[in-house]
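Peer 1: Here it is, the structure, as structure tokens.
Residue numbers (our numbering), protein chains in the order written: chain S, 4 to 265; chain Y, 21 to 351.
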């Protein structure tokens with residue numbers, strides 16, 4: 004499904020601030036995989052997503068999505084098959100536009116001059132109903148009036164309304180309060196399962212990294228240092244993960260949010 | 021009494037100029053309010069529309085002058101958009117550069133002259149005069165009212181120029197209302213509203229900026245074209261300060277009808293343009309010299325933009341003063 008072949012990305016090349024964000028990273032994602040990604044601050048998790056999504060073009064290597072080489076494809080073209088959610092709930096929807104208009108923008112696969120029909124509008128409401136947030140009755144309100152959790156839930160619906168080939172979740176619950184975060188995470192699971200999406204999720208919560216999905220990847224200094232799935236992963240505990248990290252990286256896992264998060 | 025009758029007699033002109041200006045205000049409604057681009061090429065583009073419209077009309081094609089002026093506006097908007105999306109020039113600077121360049125282009129279009137006379141030229145207005153006269157007579161006949169009746173006096177207000185102005189404004193509002201509901205229109209609004217969102221979505225911000233500026237500038241040029249033909253003369257400096265005047269009108273309109281759906285806000289922009297012209301006319305009646313127009317529009321823009329900003333700073337300002345006082349009392 005997604006094949007990443009030895010990609011590298013260096014920031015500020017040739018200056019004192021040179022940083023090798025990703026170094027010769029390879030990853031093979033199968034269709035229907037739900038992979039959780041953990042790692043220390045600055046391990047290159049978000050950079051990996053930005054490389055897959057096209058925010059940064061990699062210096063070398065290849066990225067193949069569903070048989071198509073997207074290594075040099077511009078971001079907006081990749082976005083047709085890659086849905087993304089960020090930590091900041093404000094990033095995914097337009098605050099000055101209504102809920103309906105935001106959904107229309109996300110759902111529109113007709114021509115540029117097409118506009119949404121009554122039937123579409125009813126369909127949008129049906130998409131929002133499972134969120135249990137009452138958003139379906141606020142279709143004409145600007146998104147700027149919603150809370151962070153509501154906006155992130157809406158963004159999730161927008162990103163998956165036309166099921167993407169790949170869904171990238173970059174700590175999308177980290178900025179929410181614990182109760183809301185849990186709810187959004189549940190919604191994520193439901194939506195991913197219903198649409199049998201292929202999904203990569205960065206999380207700082209090691210517990211949910213093990214509970215969610217079918218495969219877990221640990222990153223450090225721009226490389227994948229641990230990759231576990233199937234039976235091997237089932238018995239794994241957070242303590243094991245920390246141990247594995249120390250083994251592979253030769254140092255303690257340094258991520259304050261990660262430690263506090265549990 | 022003389023003051024009021026004088027004011028009343030100059031109202032139709034204020035209304036007419038307000039309507040023509042409203043087209044520029046609607047252009048800024050699209051580029052400034054929706055796309056969040058302050059298009060400083062507006063002055064030059066307005067003059068460009070006036071120049072192209074005048075030259076085409078003089079060459080004997082009054083109807084063709086409208087699409088010709090709009091096409092010129094589209095090209096101007098396209099250049100401004102390409103400069104800021106593909107050439108790495110800051111959007112404000114791109115507008116200023118195009119504006120400067122257009123000055124030479126406009127004089128070239130006018131045939132190395134800075135003034136054109138359209139007194140004997142057939143314009144859209146002279147062409148359509150018989151039709152609007154017929155409309156007047158038709159309405160009078162419908163109500164069975166004669167010449168010099170009350171209805172006739174009311175209808176006299178709706179001169180040929182005003183009817184054409186209303187028609188143009190109505191068409192542009194209708195277009196904007198429908199267009200901004202399409203997928204492309206929503207994409208343009210999102211580009212201005214949340215660039216972060218657009219960057220990671222399937223919308224290409226280069227494309228939306230180009231389309232938005234092309235459409236907006238076609239309205240600006242149309243406005244210049246209609247203005248020049250209604251005044252029966254065209255001078256190279258008709259567009260000077262137009263962007264500030266239009267911005268002032270847009271912000272006045274926003275203060276009255278800034279919330280709500282797109283058609284409401286668009287109508288608000290038109291009302292803003294008309295209010296601006298009427299206030300200006302009243303000020304002239306109070307013997308304000310006409311050269312003050314630009315200063316008045318500058319002050320309105322300053323107040324409209326800094327007002328909300330200063331209001332948000334006010335509580336902190338009060339707190340600082342109180343805080344300082346309390347500190348001194350303790351000491």
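Ideal Cβ positions, reconstructed from N, Cα and C, are used throughout, including at glycine.
1. Quick one: using the 10 Å Cβ neighbour count with 16 as the cut-off for buried, is residue 37(S) buried or exposed?
2. Could you work out which residue in 128(Y), 108(Y), 97(Y) is closest to residue 118(Y) when comparing CA atoms only?
3. Check the Cβ-Cβ distances between residue 285(Y) and every residue of chain S, and say whether any is below 9 Å.
4. Could you tell me which chain Y residues have their CB closer than 7 Å to the CB of residue 177(S), listed as they occur along the chain?
5. Which partner residues of residue 72(S) appear in the DSSP bridge assignment?
6. Against chain Y, does residue 141(S) count as a neighbour if the rule is that its beta carbon must be under 9 Å from one of theirs?
7. Would you verify that the beta carbon of residue 193(Y) is, or is not, closer than 9 Å to some beta carbon of chain S?
8. Is the number of C-beta pairs between the segment 101 to 115 of chain S and the segment 141 to 148 of chain S that are closer than 8 Å three or more?
9. Can you tell me whether residue 265(S) is buried or exposed? The criterion is at least 16 other CB atoms within 10 Å of its CB, across all chains shown.
10. Residues of chain S with CB under 8 Å from residue 204(Y), in chain order?
11. Where does residue 139(Y) land, buried or exposed, given buried means 16+ other C-beta within 10 angstroms?
12. Distance cutoff 9 Å, beta carbons only. Does residue 216(Y) sit that close to anything in chain S?
13. So, are the CB atoms of residue 242(Y) and residue 192(Y) less than 9 Å apart?
14. Compare the C-alpha of residue 225(S) against each of 22(S), 4(S), 197(S), 123(S) and name the closest.
15. Look at residue 233(S) and residue 217(S) and say whether their C-beta atoms are less than 9 Å apart.
16. Tell me whether the beta-carbon of residue 219(S) lies closer than 9 Å to the beta-carbon of residue 39(S).
17. Give the interface partners of residue 222(Y) over in chain S, defined as CB-CB distance under 7 Å, in chain order.
18. Within 9 Å (strictly less), CB to CB, does residue 50(S) reach chain Y?
19. Quick check: the segment 51 to 61 of chain S against the segment 4 to 24 of chain S, are there 3 or more CB pairs under 8 Å?
20. Give a yes or no on whether 9 Å exceeds the smallest Cβ distance from residue 94(S) to chain Y.
21. When you compare the CB positions of residue 298(Y) and residue 38(Y), do they come within less than 9 Å of one another, or not?
22. Does the distance from the CB of residue 16(S) to the CB of residue 66(S) come in under 9 Å?
23. Keeping to the same chain, check which residues put their C-beta closer than 7 Å to that of residue 263(S); ignore five residues upstream and five downstream.
24. Count Cβ pairs between the segment 60 to 77 of chain S and the segment 234 to 254 of chain S that sit closer than 8 Å; are there 3 or more?
25. Name the DSSP bridge partner or partners of residue 231(S)?
26. Any idea what DSSP makes of residue 43(S), helix, strand or coil?
27. Between the Cα of residue 295(S) and the Cα atoms of 69(Y), 48(Y), 214(Y), 262(Y), which residue gives the shortest distance?
28. Among 189(Y), 168(Y), 197(Y), whose alpha-carbon lies nearest the alpha-carbon of residue 280(Y)?
29. For residue 343(Y), does the count of other Cβ atoms within 10 angstroms reach 16, so buried, or fall short, so exposed?
30. Give the DSSP-derived three-state secondary structure of residue 283(Y) in the structure shown.
31. Residue 2(S) touches chain Y at which residues, Cβ-Cβ below 8 Å?
32. How should residue 120(S) be labelled, buried or exposed, when 16 other C-beta atoms within 10 angstroms of its C-beta is the threshold for buried?
33. Taking C-beta pairs closer than 7 Å, name the residues in chain Y that residue 99(S) reaches, listed in chain order.
34. With 9 Å set as the bound, which would you pick, yes or no: does the beta-carbon of residue 328(Y) sit closer than that to a beta-carbon of chain S?
35. Does any residue of chain Y bring its CB to less than 9 Å from the CB of residue 61(S)?
Peer 2: With the given structure in hand:
1. The residue in question, residue 37(S), is buried, as its Cβ has 16 or more Cβ neighbours within 10 Å.
2. The closest CA to that of residue 118(Y), considering only 128(Y), 108(Y), 97(Y), is found on 97(Y).
3. No, residue 285(Y) does not count as interfacial toward chain S.
4. In chain order: nothing, as chain Y lies at least about 17 Å away.
5. Here residue 72(S) is bridged, per DSSP, to 67(S).
6. Closer than 9 Å: no.
7. By this cut-off, residue 193(Y) is not an interface position.
8. With the cut-off at 8 Å, the segment 101 to 115 of chain S and the segment 141 to 148 of chain S touch.
9. Residue placement at residue 265(S) is poorly supported in this model, since its pLDDT is 41, which falls under 50; the coordinates still yield a value, given next. Here residue 265(S) is exposed: its Cβ has fewer than 16 other Cβ atoms, across all protein chains shown, within 10 Å.
10. For the C-beta of residue 204(Y), the chain S residues within less than 8 Å are, from N- to C-terminus, 115, 116.
11. With fewer than 16 other Cβ atoms within 10 Å, it is exposed.
12. Closer than 9 Å to the CB of residue 216(Y) there is at least one CB belonging to chain S.
13. Contact flag set, yes.
14. Minimum Cα-Cα distance from residue 225(S) among the listed residues 22(S), 4(S), 197(S), 123(S) corresponds to 22(S).
15. Contact flag set, yes.
16. Taking 9 Å as the cut-off, the Cβ atoms of residue 219(S) and residue 39(S) count as close.
17. Among the residues of chain S, those whose CB is under 7 Å from the CB of residue 222(Y) are 79, 82, 83, following chain order.
18. Cβ-Cβ to chain Y under 9 Å: no for residue 50(S).
19. The segment 51 to 61 of chain S, when compared against the segment 4 to 24 of chain S, does touch it at the 8 Å Cβ threshold.
20. Chain Y, which has a Cβ nearer than 9 Å to the Cβ of residue 94(S), makes this yes.
21. With a cutoff of 9 Å on beta-carbon distance, residue 298(Y) and residue 38(Y) are scored as near each other.
22. No, the Cβ-Cβ distance between residue 16(S) and residue 66(S) is not below 9 Å.
23. Its pLDDT being 47, under 50, residue 263(S) is placed unreliably by the model, and nothing is read from it.
24. Result no; under three Cβ-Cβ pairs closer than 8 Å.
25. BP columns for residue 231(S) point to 219(S).
26. Correct three-state label for residue 43(S): coil.
27. In the structure as shown, chain S starts at 4 and stops at 265, and residue 295(S) therefore has no counterpart that could be examined.
28. Ranking 189(Y), 168(Y), 197(Y) by Cα distance to residue 280(Y) puts 197(Y) first.
29. Exposed: under 16 other Cβ atoms inside 10 Å.
30. It is helical.
31. Because chain S spans 4 through 265 in this model, residue 2(S) falls outside it and cannot be assessed.
32. It counts as exposed.
33. In chain order: 213.
34. False, the Cβ-Cβ gap to chain S never drops below 9 Å.
35. In terms of beta-carbon proximity, residue 61(S) stays away from the interface with chain Y, with every pair separated by 9 Å or more.
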